[in-house]
Amino acid sequence: MQNEFEMSMMGELKFFLGLQIKQIDKSIYINQQKYIKEFLLKFKMNEYKPMPIPMHHSMGLLKEELSKPIDQMIYSDIRSLLYLIVSKSDIIFSVCLCARFQFDP
Numbered sequence: 052m053q054n055e056f057e058m059s060m061m062g063e064l065k066f067f068l069g070l071q072i073k074q075i076d077k078s079i080y081i082n083q084q085k086y087i088k089e090f091l092l093k094f095k096m097n098e099y100k101p102m103p104i105p106m107h108h109s110m111g112l113l114k115e116e117l118s119k120p121i122d123q124m125i126y127s128d129i130r131s132l133l134y135l136i137v138s139k140s141d142i143i144f145s146v147c148l149c150a151r152f153q154f155d156p
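In our numbering, the protein residues as written are 52 to 156.
Next up, the structure:
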């Protein structure tokens with residue numbers, strides 16, 4: 052690859068694009084603990100207690116027909132949760148279910 056691209060060795064990779072990376076022996080571990088903490092602080096959720104995941108697949112969400120208008124910017128931040136799917140595949144169903152109501156809650 053060095054023949055095709057300009058490259059430089061900058062040492063062991065520990066953090067990249069919001070992912071914390073740890074290399075132990077022949078294994079690579081990825082987590083987003085720092086990203087999760089920043090997410091919780093941004094949305095003032097750092098005092099909330101964790102909930103079990105995944106949601107049960109039969110749980111449904113219903114659109115409220117007569118609800119008052121909601122600030123859609125809050126819901127547009129679902130992308131922050133979508134990024135967490137990179138390292139936490141157990142939340143895919145829950146996040147995608149909530150994302151269905153992102154545009155018109």
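All C-beta atoms, glycine included, are put in the ideal place defined by N, C-alpha and C.
Please identify the residue among the options whose C-alpha is closest to the C-alpha of residue i.
i	options	result
M102	R151, V137, D141, S59	D141
I79	M58, Q53, L64	L64
Report yes if the CB atom of residue i is closer than 8 Å to the CB atom of residue j, and no otherwise.
i	j	result
N82	S138	yes
K85	Q71	yes
I143	I136	yes
G69	Y134	yes
Whole angstroms is fine: what's the gap from residue i's alpha carbon to residue j's?
i	j	result
L132	A150	9 Å
C147	K93	21 Å
I87	K77	26 Å
E55	K95	46 Å
K100	F90	14 Å
F67	S145	25 Å
My understanding is that residue i touches residue j, with C-beta atoms under 8 Å, so please give their C-beta distance in whole angstroms.
i	j	result
M60	M52	Not a contact, Cβ separation roughly 12 Å.
Segments assigned alpha helix (DSSP H), at least 4 residues, entirely inside the region 52-108:
Taking only runs of at least 4 residues, the alpha helix (DSSP H) segments lying wholly in the region 52-108 are 84-93.
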